[in-house]
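Going by this note's numbering, the residue at position 174 of the sequence shown is 174; the numbering climbs one at a time, nothing skipped.
Ideal Cβ placement from N, Cα and C applies to all residues, glycine included.
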Amino acid sequence: MMRRWKLLKSAIVCLLLCGVYFVFSLWTRCDVNKKDDNFFRDENRQIDGELHYHNRGAQSFNMVEKMSQEKGPVKYQEIECVINGEYSVQGRREENEVYFPFSFLQKYFEVYGKIEDYDGYERFEWQHSYSKVFPPKEKYSPDGVFMSFEHYNVEVRDRVKCISGMEAVPLSTQWGPQGYFYPIQIAQYGLSHYSKYLRDGKPDVVILEDGEEEDVSDWTVPDRKSQMDIIRDGTLDTNVIEFKTSDSLKSRGIVMSLDEEAGYIFNVQMKFITNGSISVTLETNNGDSMRIHYVQSTTLMMFHGREIFYGLGDRRKKWSRITRDLIIDLQKGLALKYGKSKRNQLKSDFVKLVSVCVRGHGYIDNVTLSSSSHLDQFYDAADWLVRHQDSRGGWPIMVKRRLVPEVLDLPPGWYSAMAQGQAISLLIRAYLMTKDHKYLDAALDATKLYEISSEQGGVLAKFAGVYDWYEEYPTTPSSFVLNGFIFSLIGLYDLTQVAPSDKAEPAERLYNAGIQSLKSMLLLFDTGSGTIYDLRHFTLGMAPNLARWDYHTTHINQLLLLATIESDPIFRTTADRWVGYMKGHRAAHN
Ligand code: CA
């Protein structure tokens with residue numbers, strides 16, 4: 001009689017000795033088990049009324065009940081378990097049941113689990129995926145939340161070195177330690193703040209100084225040569241503060257003492273006559289005080305003593321605004337000095353703002369501390385894209401990208417369809433908010449590279465000589481990265497919805513061709529238990545590049561978004577099946 005293992009047929013949680021053990025049951029092919037087998041097969045295949053899932057471990061619920069009813073005190077013995085004849089793992093045996101350490105199963109199957117405590121009731125919770133899908137709450141719209149980006153926190157990521165004082169956008173170190181401006185990251189920074197603005201609404205704002213009280217007694221002037229006055233500014237048509245003192249960072253400066261914990265976003269408008277700076281002193285949760293200086297220098301950032309410096313560039317001659325997240329500025333400064341791992345140990349967090357200090361000769365207005373300033377950060381990103389768009393309508397990426405080293409390399413200066421698409425989505429939102437045509441014009445120009453092949457320095461690839469595909473990484477041979485392609489389509493969609501009819505043609509044509517390709521090619525990315533990141537296995541004849549769970553959920557979030565604007569059911573049905581993969585459901589085999 002044939003005996004066989006049914007992997008993961010039963011999963012019973014046991015706490016034994018030093019580890020958590022899971023049961024693998026050894027079944028013999030007898031009549032009773034055959035019946036069970038059919039029962040589960042039928043149930044599994046009734047999901048959605050179609051024969052497409054193998055529902056892993058569904059019978060384990062019965063096993064839990066059976067075990068708890070039938071068993072008295074259990075006795076386990078150690079047993080060597082040989083894995084595919086390759087190596088051994090020490091398991092536990094109880095009669096015909098064999099229990100494996102979860103730490104082994106976790107690595108072997110790449111699953112996740114831990115003991116959860118519910119008011120003293122502990123149970124083990126097993127998860128097939130670590131990631132989370134955010135279904136759209138409403139039909140996608142070019143002035144709405146961008147996919148699930150209200151949950152993104154771009155600037156917190158370790159690969160963001162800091163928010164540049166000069167450019168007011170994140171600087172990436174993902175593929176180059178020297179740091180570079182990465183248009184995708186900048187667009188995502190803007191789109192996430194826009195989406196958070198829609199979610200959170202207006203922030204709480206504490207005005208520290210706006211010149212309207214006609215009183216500068218909150219400020220302490222260090223000596224008789226220093227001055228602080230309220231004047232009327234013709235450009236802003238409001239009262240502003242004029243300050244005049246030494247510009248040396250060694251001088252005391254003109255100081256406003258505070259005890260403000262209402263927020264951590266520091267906003268100030270400034271115009272300098274001479275060299276000068278604005279500094280803040282923060283109190284941290286371990287009682288330390290830290291100073292951050294915003295100086296007129298082209299140095300990105302610096303840490304000296306207990307002081308952090310951010311270069312703002314030249315802020316003379318005209319009014320400008322800075323919006324600084326003091327928590328991020330503190331954390332990035334600490335990471336610069338102590339490294340990323342040590343920074344986490346320091347746990348030095350912003351608690352309150354204890355002073356603001358100005359040096360040099362200049363003017364300030366609207367000095368505020370607020371709970372958020374999402375719109376300012378959104379415009380900082382949109383304006384960066386307008387400032388840095390080149391004559392081809394693109395944002396060249398000035399870092400070498402090695403998709404497959406020596407095989408799919410992109411030298412610095414490449415364009416990305418994903419950058420073009422996400423930039424369009426951001427610019428369209430800025431246009432809808434302001435009606436300023438500079439944003440719409442930049443978005444329209446950004447489609448030009450979609451028409452140019454990768455070989456010619458654009459982003460257009462063709463699959464099988466038939467299907468147009470806009471490349472996140474325009475390699476030769478093509479790589480066909482799925483998520484970047486869909487983002488490039490979402491940007492085109494935004495443009496088709498907003499551009500005046502005499503200018504919308506290229507975007508409409510490019511979108512329609514791209515959606516057609518996506519419908520035809522989407523299932524090439526489906527493994528039956530997960531998704532594939534790109535098609536390098538097809539173009540290079542190598543192993544497929546499986547999408548890790550957070551990319552898998554990005555694929556799902558994108559399809560769910562498309563399902564709200566496209567009538568073809570393929571987006572919804574595919575997304576539903578891919579959600580199933582996150583719970584271990586697999587396509588049925590033959
Ligand atoms: Ca004012």
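Got a sec? Which residues, its chain only, sit under 8 Å from Val-351 by beta carbon, not counting five neighbours each side? Glu-261, Leu-282, Glu-283, Thr-284, Asn-285
Residues whose Cβ lies closer than 5 Å to any heavy atom of ligand 1, in chain order: Asp-210, Gly-211, Thr-238, Asn-239, Asp-365
DSSP three-state call for Gly-49: helix, strand or coil? At Gly-49, the pLDDT of 36 sits below 50, so the modelled position is not reliable; the number obtained from the coordinates is stated separately. Three-state result, Gly-49: helix.
What number of angstroms, rounded off, separates the C-alpha of Lys-244 from the C-alpha of Arg-392? 45 Å
Going along the chain, which unbroken runs of the alpha helix (DSSP H) with 4 or more residues stay wholly within the stretch 408-471? 417-434, 437-445
Glu-209 and Asn-239 - do their beta-carbons sit closer together than 8 Å? no
Going by CA-CA distance only, name the one from Arg-536, Ile-79, Asn-84 that's closest to Val-98. Ile-79
Pair every Cβ in the stretch 417-431 with every Cβ in the stretch 487-494, then say whether three or more of these pairs are closer than 8 Å. yes
Pop quiz: Ser-320 and Met-270 are said to be a contact at Cβ under 8 Å. What is the actual Cβ separation, rounded to whole angstroms? 6 Å
For Pro-222, which residues of its own chain have a beta-carbon under 6 Å away from its beta-carbon, when the five flanking residues on both sides are left out? Arg-252
In whole angstroms, give me the CA-to-CA distance for Gln-127 and Tyr-551. 17 Å
Tell me the start and end of each unbroken alpha helix (DSSP H) in the stretch 149-213 that is at least 4 residues and wholly inside, in chain order. 183-200
May I ask you to report which of helix, strand or coil DSSP gives Val-23? Residue confidence for Val-23 is low, a pLDDT of 44 falling below 50, so the modelled location carries little weight; the figure read from the coordinates is stated next. Residue state, collapsed to three classes: strand.
Give the secondary structure of Ile-292 by DSSP, where H, G and I count as helix, E and B as strand, and everything else as coil. strand
Taking only three categories from DSSP, how would you classify Leu-353? strand
For Ser-257, three-class secondary structure by DSSP: strand
Given this structure, state the Cα-to-Cα distance separating Lys-202 from Asn-267, to the nearest angstrom. 15 Å
So is Ile-322 buried or exposed if we call it buried at 16+ other beta carbons inside 10 Å? buried
Quick check: the Cα distance between Asn-44 and Lys-583, rounded to an integer number of angstroms? Summary for Asn-44: the model assigns pLDDT 36, below 50, so the residue's position carries little reliability; its value from the coordinates is reported in the next sentence. Going by the C-alpha atoms only, they are around 13 Å apart.
For Trp-175 and Ala-168, the rounded distance between their alpha carbons: 21 Å
If we call anything under 8 Å between Cβ atoms a contact, is Pro-142 one with Leu-432? yes
Below 8 Å between beta carbons: does that hold for Met-290 and Ile-308? yes
Status (buried if at least 16 other CB within 10 Å, exposed otherwise) for Leu-51: With a pLDDT of only 40 at Leu-51, under 50, the local geometry of the prediction cannot be trusted, and the value read off the model is given with reservation. By the neighbour-count rule (16 or more Cβ atoms within 10 Å), Leu-51 is not buried but exposed.
Assign Val-407 to buried or exposed, taking buried as 16 or more other Cβ atoms, counted over all protein chains shown, within 10 Å of its Cβ. exposed
At 3 residues or longer, and completely inside the stretch 502-530: list those beta strand (DSSP E) runs for me, N to C. none
Of the choices Leu-560, Gly-120, Glu-125, Asp-314, whose alpha-carbon is the least far from that of Lys-114? Glu-125
Just grab the DSSP bridge partners of Gly-331 for me. The residue asked about is misnamed: residue 331 is Gln in this sequence, not Gly. Answer by DSSP bridge pairing: none, since Gln-331 is not bridged.
Close beta carbons around Tyr-415, own chain, < 8 Å, minus the five adjacent residues each side: Arg-392, Gly-394, Trp-395, Pro-396, Ile-397, Leu-449, Gly-457, Gly-458, Val-459, Pro-474
Under DSSP, the beta strand (DSSP E) around Lys-114 begins and ends at which residues? 112-118
Does the separation of the CB atoms of Phe-303 and Gly-362 fall below 8 Å? no
Using the three-state DSSP reduction, which class does Arg-577 fall into: helix, strand or coil? helix
Take the Cβ of Tyr-108 as the centre, count every other Cβ of all protein chains shown within 10 Å, and call the residue buried at 16 or more, exposed below. exposed
Per-residue burial, Ser-129 [other beta carbons within 10 Å of its own, 16 or more giving buried]: buried
Where does Ser-88 sit, in a helix, a strand or coil, going by DSSP? strand
Helix, strand or coil: how does DSSP classify Trp-126 here? strand
List the whole-angstrom C-beta distance separating Leu-191 from Phe-149, where the pair is believed to meet the contact cut-off of C-beta under 8 Å. 5 Å
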